[in-house]
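A.B. asks:
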Amino acid sequence: MSCVKRGAPPGAEHMEKVCDIPIEEDIESLYRYLRSRGVAIWVTENEGRQEIWVKDPAAKPVVLDCYQRFKEDPGVRERLDEAVSGQPQPNGNSLTMQFKPFPCIAWLLLTLLAAALYTGFGDFQSSRYFFIIDRFQLPYGDLPSRVQSLLFTLQKGEWWRLLSPAWLHLGLAHWLFNSLALWIFGRSLEVLFSRGGFVSFILGAAIFSNLAQYLVAGPAFGGFSGVAYALVGAHAAGWALAPGMRMWAPSAMVIFSIVWMLAGMLGVSDQFGVSFANTAHFVGFWFGLTSMALWLKTSGKKDGEGISGA
1290 MSCVKRGAPP
1300 GAEHMEKVCD
1310 IPIEEDIESL
1320 YRYLRSRGVA
1330 IWVTENEGRQ
1340 EIWVKDPAAK
1350 PVVLDCYQRF
1360 KEDPGVRERL
1370 DEAVSGQPQP
1380 NGNSLTMQFK
1390 PFPCIAWLLL
1400 TLLAAALYTG
1410 FGDFQSSRYF
1420 FIIDRFQLPY
1430 GDLPSRVQSL
1440 LFTLQKGEWW
1450 RLLSPAWLHL
1460 GLAHWLFNSL
1470 ALWIFGRSLE
1480 VLFSRGGFVS
1490 FILGAAIFSN
1500 LAQYLVAGPA
1510 FGGFSGVAYA
1520 LVGAHAAGWA
1530 LAPGMRMWAP
1540 SAMVIFSIVW
1550 MLAGMLGVSD
1560 QFGVSFANTA
1570 HFVGFWFGLT
1580 SMALWLKTSG
1590 KKDGEGISGA
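With the numbering used here applied, the sequence shown covers 1290 to 1599.
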């Protein structure tokens, strides 16, 4: 097979081995299909076995899932053979190809960018439509008035305000940081939860973190950070409960994010003139933590069950 190379792939020390399979198994069409979808994989021969490698750890569950279906369903193999027959292999390193396996992430990033431009990163008048209530017209000085103002807003049919604060970013760096967090922590979860489950997770995290931040501190906040910390919480639960799945973000990044959250809650960031939506961060983190713990318990994939690989 033309896709099989002898020896270790280039830069193997920075790559992740997905699995090894019999040398006689023909996966040429699967290889070409995954490359066409932007999943950069390498297939090597070692000691009479084929080894599948990926550079991006988030791609590992994608490849494993595709391989299992390719192996178990002859119809899938036939459809892939037809799909890639006579088609040139695209460059898997292009920007479009990198986003193709993660359509939900791609659309979320586009909506975050569109909202940032529409609101002028919080400087335009249009920003008032993204706060959880119209903070320039409604009272919110204490908890009862916040509840009444929110109920009044929802009774007017402005239900989008439960979500919209997450799409309001107050500065370029704010938007960039949260977009990067979505890309780093979100890709493997989109694969793990499936697209519908991942979207539900994102929307749930946004609503819970927005409501908590509003009820505690009022409507003067915005940003995707609550959702970002829900993603961090999901990875933290994954590392604690199912480290064998080997699809989580690097533990150092998870730990750093948690320390950063705690620094904000303890007021360390205030010493540098930086204000965080600490309640949104905390509630988002626990939403992700509990959601992943429940998912692992009900799915039976704890400690890597149901997922094979190196």
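Ideal Cβ positions, reconstructed from N, Cα and C, are used throughout, including at glycine.
Between the alpha carbons of PHE1425 and GLY1460, how many angstroms are there, rounded?
C.D. replies: Within the sequence shown, the letter at position 136 stands for residue 1425. Within the sequence shown, the letter at position 171 stands for residue 1460. C-alpha separation (whole angstroms): 20 Å.
A.B. asks: Write down every uninterrupted run of the alpha helix (DSSP H) in the region 1461-1518 whose length is 4 residues or greater and which is fully enclosed by it, in chain order.
C.D. replies: Here the runs fully enclosed are 1461-1506.
A.B. asks: Can you say whether THR1385 is buried or exposed, counting buried as having 16 or more other CB atoms within 10 angstroms of its CB?
C.D. replies: Indexing the sequence shown from 1 puts residue 1385 at position 96. Burial call: exposed.
A.B. asks: With three or more C-beta pairs closer than 8 Å as the rule, is the region 1557-1565 touching the region 1497-1506?
C.D. replies: no
A.B. asks: What does a CB cutoff of less than 8 Å around ALA1455 pick up in its chain, not counting 5 residues either side in sequence?
C.D. replies: Residue mapping note: residue 1455 aligns to position 166 of the sequence shown, counting from 1. Contacts found: ALA1495, SER1498, ASN1499, GLY1511, GLY1512, PHE1513, GLY1515 and VAL1516.
A.B. asks: Between the C-alpha atoms of ALA1599 and LEU1440, what's the straight-line distance to the nearest angstrom?
C.D. replies: For the purposes of this step, residue 1599 is taken as residue 310 along the sequence shown, with counting starting at 1. For the purposes of this step, residue 1440 is taken as residue 151 along the sequence shown, with counting starting at 1. Unreliable positioning characterises ALA1599 in this predicted model, as indicated by a pLDDT of 33, which lies under 50. The coordinate reading is nonetheless provided below. The alpha-carbon atoms of ALA1599 and LEU1440 are separated by roughly 52 Å.
A.B. asks: Does SER1580 pass the burial test, meaning 16 or more other C-beta atoms within 10 Å, or should it be called exposed?
C.D. replies: Sequence index remark: in the sequence shown, residue 1580 carries index 291 (1-based). Buried, by the Cβ-count rule.
A.B. asks: So what's LEU1319 in DSSP terms, helix, strand or just coil?
C.D. replies: Position 30 of the sequence shown, counted from the first residue, corresponds to residue 1319. Taken through DSSP and simplified to helix, strand or coil, LEU1319 comes out as helix.
A.B. asks: Could you give the first and the last residue of the continuous alpha helix (DSSP H) run that contains GLU1361?
C.D. replies: Locating residue 1361 in the sequence shown gives position 72, counting from the first residue. Counted as a single uninterrupted DSSP element, the alpha helix (DSSP H) harbouring GLU1361 occupies residues 1349-1361.
A.B. asks: Flag this pair as yes or no: are the beta carbons of ALA1470 and LEU1530 separated by less than 8 Å?
C.D. replies: If you number the sequence shown from 1, residue 1470 lands on position 181. If you number the sequence shown from 1, residue 1530 lands on position 241. Cβ atoms of ALA1470 and LEU1530: not closer than 8 Å.
A.B. asks: Return the first residue and the last residue of the alpha helix (DSSP H) that GLN1437 is part of.
C.D. replies: Position 148 of the sequence shown, counted from the start, is the residue given in the question as residue 1437. Segment 1432-1444, the alpha helix (DSSP H) holding GLN1437.
A.B. asks: Among PHE1482, VAL1548, TRP1549 and GLY1553, which has the Cα closest to the Cα of ALA1523?
C.D. replies: Here residue 1523 refers to the residue found at position 234 when the sequence shown is read from its first residue. Comparing Cα-Cα distances from ALA1523 to each of PHE1482, VAL1548, TRP1549 and GLY1553, the minimum goes to PHE1482.
A.B. asks: Using DSSP with H/G/I as helix, E/B as strand and the rest coil, what is PRO1392?
C.D. replies: Taking the sequence shown and counting its residues from 1, the one referred to as residue 1392 is at position 103. Three-state DSSP puts PRO1392 in a helix.
A.B. asks: Please state if the CB of THR1442 and the CB of ILE1422 are separated by a distance shorter than 8 Å.
C.D. replies: Here residue 1422 corresponds to residue number 133 of the sequence shown, with the count starting at 1. Here residue 1442 corresponds to residue number 153 of the sequence shown, with the count starting at 1. Against a cut-off of 8 Å, the Cβ pair of THR1442 and ILE1422 comes out as a contact.
A.B. asks: To the nearest angstrom, report how far apart GLN1437 and ALA1509 are at their CA atoms.
C.D. replies: To locate residue 1437, count along the sequence shown from 1; it is residue 148. To locate residue 1509, count along the sequence shown from 1; it is residue 220. In this structure, the CA atom of GLN1437 is about 17 Å from the CA atom of ALA1509.
A.B. asks: Beta-carbon within less than 8 Å of LEU1257's beta-carbon, same chain only, minus the 5 sequence neighbours each way: which residues are those?
C.D. replies: Only positions 1290 to 1599 of the chain appear in the structure, and residue 1257 is not among them; the question remains open.
A.B. asks: Using the C-alpha atoms, what's the distance from GLU1340 back to GLN1357?
C.D. replies: Mapped onto the sequence shown, residue 1357 falls at position 68. Mapped onto the sequence shown, residue 1340 falls at position 51. About 15 Å.
A.B. asks: Round the Cβ separation of VAL1543 and TRP1528 to the nearest angstrom and send it over; I've been treating them as touching at under 8 Å.
C.D. replies: Residue 1543 sits at position 254 when you count from the first residue of the sequence shown. Residue 1528 sits at position 239 when you count from the first residue of the sequence shown. 6 Å between Cβ atoms; contact.
A.B. asks: So, is the C-beta of GLY1411 closer than 8 Å to a C-beta in chain D?
C.D. replies: In the structure shown, chain D cannot be found, because there is only a single protein chain.
A.B. asks: In terms of residue numbering, what span does the alpha helix (DSSP H) encompassing THR1333 cover?
C.D. replies: Numbered from its first residue, the sequence shown carries residue 1333 at position 44. From DSSP, THR1333 is part of no alpha helix (DSSP H) but of the beta strand (DSSP E) over 1330-1335.
A.B. asks: To the nearest whole angstrom, what separates the beta carbons of PRO1350 and MET1550, a pair I think is in contact under 8 Å?
C.D. replies: If you number the sequence shown from 1, residue 1350 lands on position 61. If you number the sequence shown from 1, residue 1550 lands on position 261. 26 Å between Cβ atoms; not a contact.
A.B. asks: Is VAL1307 closer than 8 Å to VAL1328 when the C-beta atoms are compared?
C.D. replies: Locating residue 1328 in the sequence shown gives position 39, counting from the first residue. Locating residue 1307 in the sequence shown gives position 18, counting from the first residue. No, they are not a contact pair.
A.B. asks: In the DSSP assignment, find the unbroken alpha helix (DSSP H) run with ILE1310 in it and report its ends.
C.D. replies: Locating residue 1310 in the sequence shown gives position 21, counting from the first residue. Element bounds for ILE1310: not the alpha helix (DSSP H) but the beta strand (DSSP E), 1305-1311.
A.B. asks: With distance defined between alpha-carbon atoms, name the residue in GLU1314, ARG1338, ARG1321 and LYS1586 nearest to LYS1360.
C.D. replies: Locating residue 1360 in the sequence shown gives position 71, where the first residue counts as 1. Ranking the options by Cα distance to LYS1360, first place goes to GLU1314.
A.B. asks: Taking the Cβ atom as the reference point for each residue, do LEU1457 and ALA1404 lie within a distance shorter than 8 Å?
C.D. replies: What you label residue 1457 is simply residue 168 of the sequence shown in a count that begins at 1. What you label residue 1404 is simply residue 115 of the sequence shown in a count that begins at 1. Yes; because the gap between Cβ atoms is below 8 Å, this pair is in contact.
A.B. asks: Under 7 Å Cβ to Cβ from GLY1411, same chain only, skipping five residues before and after it: list those, please.
C.D. replies: Here residue 1411 is taken as the residue at index 122 of the sequence shown, counted from 1. LEU1457, HIS1458, LEU1459, GLY1460 and GLY1511.
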